[in-house]
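For the sequence shown, the tail end lands on 729 under the numbering used here, and the numbers increase by one without skipping.
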Amino acid sequence: MQKITSRLGVCSWSMQPQSPQELIEKLAAAGIKRVLLALDPLREQPRGWSRLPALAEKHGVKLVAGMFGCVGEDYTTLESIRKTGGIVPDATWDQNWKHVQQTVKLAKKLGFKIVMFHAGFLPHEESDPNFAKLVERLRKIAGAFAKQGIQVAFETGQEPAESLSRFLVKLGCKNVGVNFDPANMLLYNNGDPIKAMKLLGPWIKQIHLKDANVTKQPGTWGEEVVLGTGQVKWKAFFKTLEDIGFKGNLFIEREAGTQRVEDIRTAREYVEKLCR
Numbered sequence: 454m455q456k457i458t459s460r461l462g463v464c465s466w467s468m469q470p471q472s473p474q475e476l477i478e479k480l481a482a483a484g485i486k487r488v489l490l491a492l493d494p495l496r497e498q499p500r501g502w503s504r505l506p507a508l509a510e511k512h513g514v515k516l517v518a519g520m521f522g523c524v525g526e527d528y529t530t531l532e533s534i535r536k537t538g539g540i541v542p543d544a545t546w547d548q549n550w551k552h553v554q555q556t557v558k559l560a561k562k563l564g565f566k567i568v569m570f571h572a573g574f575l576p577h578e579e580s581d582p583n584f585a586k587l588v589e590r591l592r593k594i595a596g597a598f599a600k601q602g603i604q605v606a607f608e609t610g611q612e613p614a615e616s617l618s619r620f621l622v623k624l625g626c627k628n629v630g631v632n633f634d635p636a637n638m639l640l641y642n643n644g645d646p647i648k649a650m651k652l653l654g655p656w657i658k659q660i661h662l663k664d665a666n667v668t669k670q671p672g673t674w675g676e677e678v679v680l681g682t683g684q685v686k687w688k689a690f691f692k693t694l695e696d697i698g699f700k701g702n703l704f705i706e707r708e709a710g711t712q713r714v715e716d717i718r719t720a721r722e723y724v725e726k727l728c729r
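Shown next, in the form of structure tokens:
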């Protein structure tokens, strides 16, 4: 199997870049040349971000895959993101569908084979009034990407692995899988990451490398921490990846802290040492 270190990259939004040039500079500082790219800036600010592909090529940076966000998402609390996350809210669905269609074109132009996003809190049971609605919406999204030969990956964490696997079976879209994030399982307090990864193995298309600690106060967020300092059992994590035969890409993600580049560099060095 191709070495994990050769498939290692970083999520562009973790760098908080204000321009393509700043992204390139921060990637250099972190020592990483492979990127999971946030597509929203390219869609919203084409004048400023359209030069990124040429700039990336000039500096030997590979844009590997894409990500898009949904309208009106509020991550302030667990309750606020439950109400506003992904494509669940009816009030933002039309705008989200418009953005999806634009994102498909962008991803195709960039040559991406996989795009990820947060679908929102998926219902645990078919009896839930939102179940049929979300199946319909997600099939529509999956179909739009499938027409361009692009796979779709849902972010993990917002529901237990058992619920997500049942939903994926019911959804039944060949081009849909998951972007597995072990830290999100802890941040949302939705189960052991290693057990979840084993259950979701057949659907894992991509990985986020992030670390966290479970909250001590039920109903609140866990704490994201620098990779290697939290409760993710990394040796077991990478051993499980090998056991399930995962051959996709892995992207370091850092969404907290005030020294993102330093934290990402630390994460890269930790993974490289562990996976030598």
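From the three backbone atoms N, C-alpha and C, an ideal C-beta is built for every residue, glycine too.
Across which residues does DSSP place residue i in a beta bridge pair?
i, result
"residue 722", "The partner list for residue 722 (beta bridge, DSSP) is empty, contrary to what the question assumes."
"residue 664", "678"
"residue 644", "BP columns for residue 644 are empty, so no partner."
"residue 487", "515"
"residue 462", "704"
"residue 657", "631"
"residue 569", "520, 606"
Could you name the residues of the same chain whose beta carbon sits closer than 7 angstroms to that of residue i, not counting the 5 residues immediately before and after it, in chain order?
i, result
"residue 470", "476, 479"
"residue 713", "467, 468, 469, 707"
"residue 716", "679, 707, 710"
"residue 486", "480, 513, 514, 515"
"residue 643", "610, 612, 613"
"residue 502", "473, 494, 495"
Throw me the rounded Cβ distance for the residue i and residue j pair, which I believe falls under 8 angstroms.
i, j, result
"residue 603", "residue 633", "The Cβ separation is near 19 angstroms, so there is no contact."
"residue 702", "residue 518", "7 angstroms"
"residue 601", "residue 557", "6 angstroms"
"residue 674", "residue 682", "About 17 angstroms; that fails the 8 angstroms criterion."
"residue 591", "residue 615", "Not quite, the Cβ-Cβ distance comes to about 18 angstroms (not below 8 angstroms), so this is no contact."
"residue 505", "residue 464", "Contact flag wrong, Cβ pair sits at about 15 angstroms."
"residue 449", "residue 699", "Because the chain spans 454 through 729 in this model, residue 449 falls outside it and cannot be assessed."
"residue 650", "residue 693", "5 angstroms"
Once you ignore the five residues that flank residue i on each side, which residues in its own chain have a CB closer than 8 angstroms to its CB?
i, result
"residue 578", "584"
"residue 496", "521, 552, 555, 556, 559"
"residue 648", "614"
Tell me which same chain residues have a C-beta within less than 6 angstroms of the C-beta of residue i, skipping the five on either side of it?
i, result
"residue 738", "In the structure as shown, the chain begins at 454 and stops at 729. Residue 738 is therefore absent and cannot be evaluated."
"residue 697", "654"
"residue 746", "Since the displayed the chain opens at 454 and closes at 729, residue 746 lies outside it and no answer follows."
*With a floor of 3 residues, list each beta strand (DSSP E) that falls wholly inside the stretch 511-552, ordered by position along the chain.*
515-520
*Within the stretch 604-637, note down every full alpha helix (DSSP H) run reaching 4 residues or more, in order along the chain.*
614-624
*Is the stretch 651-666 in contact with the stretch 683-690, if contact means three or more CB pairs nearer than 8 angstroms?*
yes
*Pairing CB atoms from the stretch 523-538 with CB atoms from the stretch 566-582, are three or more of them under 8 angstroms?*
yes
*Using 8 angstroms as the threshold, is the stretch 604-623 in touch with the stretch 635-650, meaning 3 or more CB pairs across them?*
yes
*Can we say the stretch 518-530 touches the stretch 542-556, given the rule of at least three CB pairs closer than 8 angstroms?*
yes
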